[in-house]
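Below you'll find the structure, written out as structure tokens, and then a few comments.
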């Protein structure tokens with residue numbers, strides 16, 4: 001909408017800016033600090049959960065050097081750790097699962113299904129840089145983060161597959177300059193159908209009606225097959241790479257049919273994006 005909607009108001013009394021709930025990308029952080037705070041108000045980006053009952057990773061206004069997009073450093077008395085996929089604790093710069101090692105005054109007495117001793121598991125991914133700053137990367141499970149709202153991939157796929165023209169669908173996220181992430185859906189059409197502009201509009205409308213406006217796909221790409229493991233599971237990791245036009249796919253040895261990759265990369269992701 002432009003900066004004028006903010007700048008038409010007197011903001012001289014602002015002392016501190018706060019952001020929470022979802023990780024804020026550096027671009028949004030810089031706009032918040034520059035336009036709303038006139039480059040004079042510290043931005044407090046804090047990470048917490050309902051179960052923690054208070055900030056766990058947060059900057060201290062005027063005391064903590066800020067980094068756009070980072071929740072910065074652990075709060076007083078909080079001891080975070082990062083675990084790899086095998087549950088091993090990582091030291092120094094690392095990427096993995098965010099956990100907390102010691103209790104704190106506001107911790108919930110009990111968490112359903114989390115009674116094993118050792119760590120408080122947040123279910124969130126995190127990156128720690130060389131300065132010890134923490135950067136939240138989102139939930140560890142399959143979710144789509146659209147404008148700060150988490151959507152289940154299964155939920156979106158179910159809505160799309162309900163269309164009579166769709167045999168299979170897989171939803172992943174792709175970067176978006178405004179929303180942070182957008183929904184990129186790969187579909188396998190039933191024989192006799194082609195992905196026309198009219199069909200694309202109809203599929204998007206179905207997702208909007210079924211779930212809500214946030215679930216409307218930004219990109220729909222028709223393919224003859226989806227990358228799957230030998231046990232039949234859709235490899236969303238591969239599709240995420242394709243949606244972002246990243247050619248380094250990592251280990252693909254478990255893929256049942258490698259030939260689908262050539263078709264997936266035949267059209268660049270940017271060629272299909274419609275904002």
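In the UniProt record's numbering, the protein residues as written are 1 to 275.
Every residue, glycine too, gets a C-beta built ideally from N, C-alpha and C.
Item, Value
"Runs of beta strand (DSSP E) lying entirely within the segment 152-179, each at least 3 residues, in chain order", "166-176"
"Residues bridged to residue 82 [DSSP beta-bridge criterion]", "90, 98"
"Residues bridged to residue 183 [DSSP beta-bridge criterion]", "173"
"Alpha-carbon to alpha-carbon, residue 23 and residue 210", "27 Å"
"Whole-number beta carbon distance between residue 172 and residue 236, since they are thought to touch under 8 Å", "5 Å"
"For residue 67, the three-state DSSP class (helix, strand or coil)", "coil"
"Cβ contact check for the segment 139-156 and the segment 201-221: 3 or more pairs under 8 Å", "yes"
"Proximity below 7 Å, CB of residue 42 to CB of residue 62", "yes"
"Residue from 222, 232, 253 whose Cα sits closest to the Cα of residue 263", "222"
"Best match in 170, 159, 82 for proximity to residue 202 [C-alpha to C-alpha]", "159"
"Paired residues, beta bridge with residue 128 - DSSP", "94, 134"
"8 Å Cβ shell around residue 257 - same chain, five flanking residues per side excluded", "225, 227, 228"
"Residue 168 versus residue 253: straight-line alpha-carbon distance, rounded", "23 Å"
"Backbone CA spacing between residue 188 and residue 244 [nearest angstrom]", "19 Å"
"Proximal residues to residue 181 (C-beta, below 8 Å), its chain only, five neighbours per side dropped", "144, 145, 146, 173, 174, 175"
"Three CB pairs or more closer than 8 Å across the segment 29-42 and the segment 56-76", "yes"
"Residue-chain proximity (residue 165, chain B), Cβ-Cβ < 7 Å", "Considering every chain present, this structure includes no chain B. It has just one protein chain."
"Residue 234 - DSSP class collapsed to helix/strand/coil", "strand"
"Beta-carbon spacing of residue 136, residue 197 below 7 Å", "no"
"Which listed residue (132, 234, 52) has its alpha carbon closest to that of residue 121", "52"
"6 Å CB neighbourhood of residue 193 in its chain, flanking five on each side removed", "165"
"Pair within 7 Å by beta-carbon distance, residue 118 and residue 140", "no"
"Terminal residues of the alpha helix (DSSP H) in which residue 199 lies", "197-210"
"Rounded separation between residue 103 and residue 46 - CA only", "18 Å"
"Residue 229 (DSSP reduced to helix, strand or coil)", "strand"
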